[in-house]
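**Student:** Residue numbers (this note's numbering): 126 to 290.
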């Protein structure tokens, strides 16, 4: 029978089964196989299954990682504080009786007059295609719009009234 070796200190185990905080005991395969202790599996490098690897490096390295985590958390808070954008699409009547379809990029929860007009036309699907492109850029829809899915000839239906002479 072979002895047990502490996975943490790599010395003969004096308390079999009692050193789980140190990574537990492993069979002394060095004596059985003739390999040196430096080749033994260790929880420090994660080679013992189920044991997390022990952090390597000095305290300054750990402090650098903590500082980086704090920096990333600050970046996330800044991004969450920024206003979200959305696209509004619909028809807007004109004074002459016709209506143009319009797509407006605006802040979520904001007013339309604070936004920017993306596209305006009497052809609703042309405007909807541009609106969906911006929605895709914002991440609101998963796939990039395909232009042939939109009817370019669809019209609002407005016909100018006959002129009286």
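Ideal Cβ placement from N, Cα and C applies to all residues, glycine included.
Keep in mind the model is a prediction, meaning the values are calculated, not measured.
Determine the burial state of residue 226: buried for a count of at least 16 other Cβ atoms within 10 Å of its Cβ, exposed for fewer.
**Tutor:** The residue in question, residue 226, is buried, as its Cβ has 16 or more Cβ neighbours within 10 Å.
**Student:** Evaluate contact between the region 246 to 262 and the region 218 to 233, counting only Cβ atoms and requiring at least three cross-stretch pairs below 8 Å.
**Tutor:** Short answer: they touch.
**Student:** Going by DSSP, name the residue or residues bridged to residue 212.
**Tutor:** Answer is 230.
**Student:** Looking at C-alpha atoms only, which residue of 252, 212, 185, 216 is the closest neighbour of residue 241?
**Tutor:** Nearest C-alpha to residue 241: 212.
**Student:** Would a C-beta distance cut-off of 8 Å place residue 252 and residue 244 closer than the cut-off?
**Tutor:** Closer than 8 Å, so yes.
**Student:** Taking C-alpha atoms, which residue in 267, 185, 261, 246 lies nearest to residue 216?
**Tutor:** Among 267, 185, 261, 246, the Cα nearest to that of residue 216 is on 246.
**Student:** According to DSSP, simplified to helix, strand and coil, what is residue 276?
**Tutor:** Three-state DSSP puts residue 276 in coil, outside helix and strand.
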